[in-house]
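Numbering of the sequence shown is given in the numbering used here, commencing with residue 788 and proceeding in unit increments. What follows is a set of notes on a single structure, which appears directly below.
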Amino acid sequence: MFNRMKALLWLRNQTIIANKNLLVQVLMPYGLLIIYKNFMNLGKDKGLDLMFLCLSTAIAMSVGSTVSTIIAEEKEKKNLKTLLLSGVRPYEYLISVLIHPVVITVLNMVLFPIIAGADLSKIYLEYTLVVILTAMAVILINLCIGAFSSTQSKAQINGLPVMLIIAMGPNLSQMNPDIADFIKYTFLGAYTELFTKAEFSLTSCSFQILIAWIICLFILTSLSLKLHKHSKPRNKLPKERAVNTECV
């Protein structure tokens, strides 16, 4: 198992290094955070509001969209099926996919409050758990998008609505009650309540909904990888037709 994980991490590192667009996706939310901080008059005590505006964008772009791009690229190059057929178990592949986004999530969690000047002393535990679990849900969703997309371009198109909902949904929920009702029953409900409600606890309904989403998404992701492993190659169909034509 250790050797397989080591090989998977090496492959993932090479993919990230070779794809410069992924670096842009990771750094862009920091640029937005700095722009908002310098050009929006939010005040010194509005660090949490600033994080609420930008952190969801960071989760959508640097964490979620990165995953779907990597998975679709490996699938397009036939690396994903080769790995699964060579003995790599679906859970090992899942772990290798989660490592880099989790590291990026932790960096975002540490750097965003510092840049925004947000005081998290009263909600440190809630902030840590909600952001990590929300990022985990986003990772799993984008992993499914990548697994069901045959090319990188299709993964980007299929993942665009999800990325927009994640990036803009929490902010729009404060402007429209219908959107707020929709967000409340998604994995973004706990994130929204964390930054907008004065009292938020880990026993709230929104946090329980977040846990339920992660369980369902983990099951869906595991099934999608197993289906991809056992799917029949499409290049056999033309050969079969050629044989039938010759027989006729």
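Beta carbons: idealized from backbone N, C-alpha and C, even for Gly. What you are looking at is a predicted structure, and each value in this text was computed from that prediction instead of being measured.
Beta-carbon proximity check, S852 vs M950, cutoff 7 Å: Residue numbering aside, residue 852 sits at position 65 when the sequence shown is read from its first letter. Residue numbering aside, residue 950 sits at position 163 when the sequence shown is read from its first letter. Yes, they are a contact pair.
Output needed for E1027: all residues of its chain with C-beta closer than 6 Å, excluding positions within five of it in sequence on either side, in chain order. For the purposes of this step, residue 1027 is identified with residue 240 of the sequence shown, where counting begins at 1. Note that E1027 scores 43 on pLDDT, short of 50, meaning its location in the model is unreliable; the coordinates nonetheless yield the value given after this. Same-chain partners within the cutoff: there are none.
Flag this pair as yes or no: are the beta carbons of A977 and L1004 separated by less than 7 Å? Your numbering for residue 977 matches position 190 in the sequence shown. Your numbering for residue 1004 matches position 217 in the sequence shown. Not in contact: A977 and L1004 (Cβ atoms no closer than 7 Å).
What is the rounded straight-line gap between the Cα of S960 and the Cα of K793? Locating residue 960 in the sequence shown gives position 173, where the first residue counts as 1. Locating residue 793 in the sequence shown gives position 6, where the first residue counts as 1. In a straight line, the C-alpha of S960 is about 42 Å away from that of K793.
So within the segment 894-937, which uninterrupted alpha helix (DSSP H) runs reach at least 4 residues, ignoring any that extend past its ends? 911-935
Alpha carbon to alpha carbon, how far is R1021 from W797? For the purposes of this step, residue 1021 is taken as residue 234 along the sequence shown, with counting starting at 1. For the purposes of this step, residue 797 is taken as residue 10 along the sequence shown, with counting starting at 1. For R1021, the predicted model reports a pLDDT of 49, less than 50, meaning its position is unreliable and no value from the coordinates is stated.
Spell out a yes or no on whether the segment 834-849 and the segment 940-957 are touching, meaning 3 or more CB-CB pairs, one atom from each, closer than 8 Å. yes
Can you tell me whether S988 is helix, strand or coil according to DSSP? Mapped onto the sequence shown, residue 988 falls at position 201. S988: coil per DSSP, three-state reduction.
Once you ignore the five residues that flank R876 on each side, which residues in its own chain have a CB closer than 7 Å to its CB? Position 89 of the sequence shown, counting from 1, holds the residue named residue 876. So the list is empty, once near-sequence residues are dropped.
Contact defined as beta carbons within less than 8 Å: I believe G946 pairs with N963. What is the distance between those atoms, to the nearest angstrom? Translated into positions along the sequence shown, residue 946 becomes position 159. Translated into positions along the sequence shown, residue 963 becomes position 176. Not really, about 23 Å apart at Cβ, beyond 8 Å.
Between which two residues does the alpha helix (DSSP H) harbouring F982 extend? Within the sequence shown, the letter at position 195 stands for residue 982. Counting along the chain, the alpha helix (DSSP H) containing F982 begins and ends at 976-983.
Cut-off 8 Å between Cβ atoms - residues of its own chain near F982, not counting five sequence neighbours on either side: Within the sequence shown, the letter at position 195 stands for residue 982. Around F982: L835, D836, M838, F839, P957.
Kindly list the residues whose CB is nearer than 6 Å to the CB of T979, restricted to its own chain and excluding five residues on each side of it in sequence; keep chain order. The residue labelled residue 979 in the question sits at position 192 within the sequence shown. The answer, listed in chain order, is P957, S960, I970.
Give the C-beta separation of A934 and S1011 to the nearest angstrom, bearing in mind that I take them to be a contact with Cβ-Cβ under 8 Å. Locating residue 934 in the sequence shown gives position 147, where the first residue counts as 1. Locating residue 1011 in the sequence shown gives position 224, where the first residue counts as 1. Right, their Cβ atoms sit about 4 Å apart.
Using DSSP with H/G/I as helix, E/B as strand and the rest coil, what is Y823? What you label residue 823 is simply residue 36 of the sequence shown in a count that begins at 1. Y823: helix per DSSP, three-state reduction.
Nearest to I1001 by CA position, among L927, V917, A903, S855, is which residue? Within the sequence shown, the letter at position 214 stands for residue 1001. Checking every option, the nearest Cα to that of I1001 belongs to L927.
Which same chain residues end up closer than 7 Å to S883 when comparing Cβ atoms and leaving out the 5 residues on each side of it in sequence? Reading the sequence shown from its first residue, position 96 is the one you call residue 883. Taken in chain order, the residues that qualify are M792, L795, L796, R799.
Cβ neighbour criterion (16 or more within 10 Å) applied to L810: To locate residue 810, count along the sequence shown from 1; it is residue 23. Exposed, by the Cβ-count rule.
Have a look at L989 and A805 and give me their C-alpha separation to the nearest angstrom. To locate residue 989, count along the sequence shown from 1; it is residue 202. To locate residue 805, count along the sequence shown from 1; it is residue 18. When rounded, the distance between both Cα atoms is 40 Å.
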